[in-house]
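Please read the structure below before turning to the comments.
Numbering (my numbering), first residue to last: 9 to 221.
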């Protein structure tokens with residue numbers, strides 16, 4: 009292992025550093041998304057029960073204590089419940105865009121590293137072959153095999169390292185995107201349901217009474 013790290017040169021260390029950064033971003037985002045995902049039908053059922061008792065403040069408090077974008081959307085809808093359906097939907101959509109941006113934060117780093125690692129591996133290959141050619145040129149006609157193989161080792165090691173970082177990177181990225189897509193579907197479902205509940209005919213009467221008061 010020590011020989012591989014030594015023979016890979018500076019390019020190998022750069023590739024390994026990028027791989028470590030990619031792994032850190034992946035696991036941080038994965039943990040964040042696991043916390044953000046909730047069983048939104050059960051959550052909404054409890055919220056509707058509380059709202060049915062007219063306890064808006066308790067419902068908002070529960071939303072604030074619940075992690076994730078779904079709870080944030082529901083909280084926004086409750087806080088605007090005495091406005092028109094259009095106004096509620098606009099407020100919820102604005103919160104949804106902000107929450108989606110938080111979910112996608114640093115995902116671009118995984119993509120960038122995934123595409124960059126093979127290119128750095130190719131750079132290491134070119135530099136290794138260049139070292140090999142220069143060694144042959146300097147030592148011709150009597151060539152030291154150890155000097156020649158040094159460059160070839162660097163070429164092979166950096167190529168392999170770039171591919172080893174890129175291959176899991178593709179899987180990491182698509183796993184994160186799949187998680188985001190599922191959470192987004194939950195957000196859309198929760199937003200539609202809570203807006204429909206808050207703008208139902210019975211709640212419309214409550215809004216009218218609130219305005220008249």
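From the three backbone atoms N, C-alpha and C, an ideal C-beta is built for every residue, glycine too.
- With C-beta atoms as the reference, is residue 140 less than 9 Å away from residue 116? No, the pair does not count as a contact, with Cβ atoms beyond the cut-off.
- Query: With a CB to CB cut of under 7 Å and the five nearest residues on each side skipped, what residues in its chain are close to residue 100?
  - Reply: 81, 84, 85, 199 and 203.
- Task: Please confirm if the region 159 to 168 is in contact with the region 33 to 53, defined as three or more CB-CB distances below 8 Å between the two stretches.
- Result: Counting Cβ pairs under 8 Å, fewer than three are found: no touch.
- Item | Pair within 9 Å by beta-carbon distance, residue 143 and residue 174 | No, the Cβ-Cβ distance between residue 143 and residue 174 is not below 9 Å.
- Message: Would residue 2 and residue 111 qualify as a contact pair, given that the criterion is a beta-carbon distance under 9 Å?
- Response: The first residue shown for the chain is 9 and the last is 221, placing residue 2 beyond what the model contains.
- Item | Residue from 87, 25 and 113 whose Cα sits closest to the Cα of residue 184 | Ranked by how close their Cα comes to the Cα of residue 184, the residues 87, 25 and 113 have 113 in first place.
- Message: At the level of alpha carbons, what is the spacing between residue 75 and residue 127?
- Response: Looking at the two C-alpha atoms, the distance is approximately 39 Å.
- Query: Expressed to the nearest angstrom, what Euclidean distance is found between the alpha-carbon atoms of residue 62 and residue 22?
  - Reply: Each residue's alpha carbon lies about 59 Å from the other.
- Contact check, residue 192 vs residue 108 under 8 Å by CB: the rounded distance? By a beta-carbon distance limit of 8 Å, residue 192 contacts residue 108. Their separation comes to about 7 Å.
- What's the call for residue 48, buried or exposed, on a 16-neighbour Cβ count within 10 Å? Its Cβ being crowded by 16 or more others within 10 Å, residue 48 is buried.
- At which residue ranges does the region 68 to 147 contain complete alpha helix (DSSP H) runs of 4 or more residues, listed in the order of the chain? You should have 77 to 87, 93 to 111 and 115 to 147.
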